[in-house]
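Have a look at the structure below, then the notes.
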Amino acid sequence: MSIGDIREAPTDYEGKVVTIEGKYQGWKGSFGSPPVTRSDWLVQDATGWLYVTGKPSGLDPLGDVGRPIKVTGAIRITKDGEPYLYAQEIEIKAGKASALLLLQVDLKEKQLAAPTPERLEQMKAMGMKTDNLDMQRIFIHLVQEPTVQQIEELEAMGITPYPDSWISPAGGYSIGFIVADMPIDKLDELAGKDYVVRLDTAEQVLEPHAE
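Quick note: the sequence shown uses the working numbering, first residue 19, plus one each step.
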């Protein structure tokens with residue numbers, strides 16, 4: 019079920035319970051006024067966007083923008099003919115990904131779909147790699163150094179891990195990390211691996227620290 023299907027023929031879905039997989043987009047106002055309440059929020063997939071009514075429990079309106087979610091609810095229509103989803107269940111995906119990583123992946127997806135020079139400059143200012151927008155350099159945080167089997171599993175997903183980059187847990191930290199290049203569409207799948215503790219971006223502007 020895509021959002022585009024619903025927006026194309028909203029009356030065909032009115033009252034029906036549907037499940038939509040997309041990206042949480044918070045309380046953005048750039049799509050027009052919310053259809054029901056001021057706290058309505060947006061879900062977006064490759065085919066369009068849809069307002070959702072119902073508290074997005076566990077989602078931060080700022081920090082979780084771009085996080086993959088699955089929303090189940092009933093389609094309703096406003097008096098102006100605008101479809102929206104009355105949420106009944108929300109499944110948060112890629113919960114191990116940091117807010118900055120989510121933001122960068124979201125920016126790359128939007129730039130691939132509808133390039134703008136302004137967004138490209140924003141990405142460069144953040145220290146993001148823009149030569150291949152399909153890929154994202156990341157830190158994969160792990161309790162222990164990845165095994166040969168885990169490295170092979172990552173490679174089978176199209177991820178390029180760099181084993182020599184492994185940094186062991188040190189000091190008061192219980193986890194280490196490895197650098198990898200990840201296809202941006204593999205974020206949710208990678209976050210679902212049991213051995214992955216956390217995912218963060220490795221594309222950042224490094225600030226100098228005073229001694």
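We put the beta carbon where it would ideally sit given N, CA and C, even for glycine.
query = In angstroms, rounded to a whole number, what distance separates the CA positions of L119 and P28?
reply = 34 Å
ask   = Candidates K126, W67, E170 and A174: which alpha carbon is nearest T219's?
value = K126
key: Whole-angstrom distance between R85 and Y31, CA atom to CA atom   = 25 Å
ask   = Does the Cβ of I24 have 16 or more other Cβ atoms within 10 Å, making it buried, or fewer, making it exposed?
value = Per the 10 Å Cβ criterion, buried.
query = Is T29 near the ligand COA, in the sense that its beta carbon is under 8 Å from a heavy atom of that ligand?
reply = As for the ligand COA, it is missing from this structure, which has no ligand bound.
query = What is the DSSP secondary structure of P28, counted as helix, strand or coil?
reply = helix
query = Going straight from the alpha carbon of W59 to that of T37, what length do you get?
reply = 16 Å
request  = Give me the Cα-Cα distance between E39 and G189, rounded to the nearest whole angstrom.
outcome  = 40 Å
query = Run through DSSP, which three-state label would Q168 get?
reply = helix
key: DSSP state of D206 mapped onto helix, strand, coil   = helix
request  = Rounded to whole angstroms, what's the CA-CA distance from P101 to I87? Just pull it up for me.
outcome  = 19 Å
key: Given Q129 as reference, the closest of Q222, M144, T148 and Q167 once Cα atoms are compared   = T148
query = For L14, which residues of its own chain have a beta-carbon under 6 Å away from its beta-carbon, when the five flanking residues on both sides are left out?
reply = The displayed coordinates of the chain run from 19 to 229. Any statement about residue 14 would go beyond what the structure contains.
ask   = Cβ of G194 within 9 Å of Cβ of I202?
value = no
task = Could you check what DSSP says for Q122 in three-state terms: helix, strand or coil?
result = helix
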